[in-house]
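Enquirer:
Numbering (the numbering used here), first residue to last: 127 to 345.
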């Protein structure tokens, strides 16, 4: 594949131990007792070279063809990076008390846009590791390119699906219009617009993002 190609892929991601940490197959998830009813399983859309997946997967996809299967081993530098001691923080326990949280070892905590795992609670201090759980790990992916997306409308839809927006559609022109029923954060809108202008309609001079609100049935 080439950079800028839109493809749909299936994959299973494993640690060196064989433990699965991510996958697109519902049947495998159920078989391995890791099924999550909140997860939407199935092939996922990816723009090759668009930053949709980690660097090691990008490299593999560029070497593959539609219908090809491949198992790749990805080192931390091409995965989720090495563990960084700077992301291990010591936080006063009273900070948790103010939020009615009783910190315990192993607990996942959320501080704004950062999530971390509590390593220890001693002497009124809580040690939290904000490194990505997969940082420092060698990863193995079973990859398969299921198909290539050629139609511009389908490409726009694929970009939306990557961000959990299942109804994104476009009206093309010098001023492109993107429509969805979802109310999205500004940073997500900006990312979608950037990807559409870079990989779908390179001639558009401006983009208008429209959030469509349907009339409630109660009115």
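For every residue, glycine included, the Cβ atom is placed at its ideal position computed from N, Cα and C.
(1) In the DSSP assignment, what residue or residues form a beta bridge with residue 305?
(2) Distance cutoff 9 Å, beta carbons only. Does residue 242 sit that close to anything in chain D?
(3) Just reading off the beta strand (DSSP E) that residue 138 is part of, what are its end residues?
(4) Starting from the N-terminal side, write out each stretch of the alpha helix (DSSP H) that is 4 residues or longer and does not extend beyond the region 164-246.
(5) Name, in chain order, the residues that DSSP records as bridge partners for residue 265.
(6) Would you list the one or two residues that DSSP bridges to residue 253?
(7) Taking Cβ positions, are residue 265 and residue 144 nearer each other than 9 Å?
(8) Between 313, 325 and 157, which lies nearest to residue 279 when the distance is taken from Cα to Cα?
(9) Looking at the structure shown, is residue 158 part of a helix, part of a strand, or coil, going by DSSP?
(10) Are residue 228 and residue 250 close, meaning C-beta to C-beta below 9 Å?
(11) For the beta strand (DSSP E) containing residue 148, name the first residue and the last one.
(12) Would a C-beta distance cut-off of 9 Å place residue 269 and residue 155 closer than the cut-off?
(13) Whole angstroms is fine: what's the gap from residue 291's alpha carbon to residue 233's?
Expert: With the structure as the only source:
(1) 295 and 336
(2) Looking at the structure shown, chain D is missing, and only one protein chain is on hand.
(3) 132-141
(4) 181-188 and 219-223
(5) 141 and 200
(6) 216 and 246
(7) no
(8) 325
(9) coil
(10) no
(11) 146-149
(12) no
(13) 30 Å
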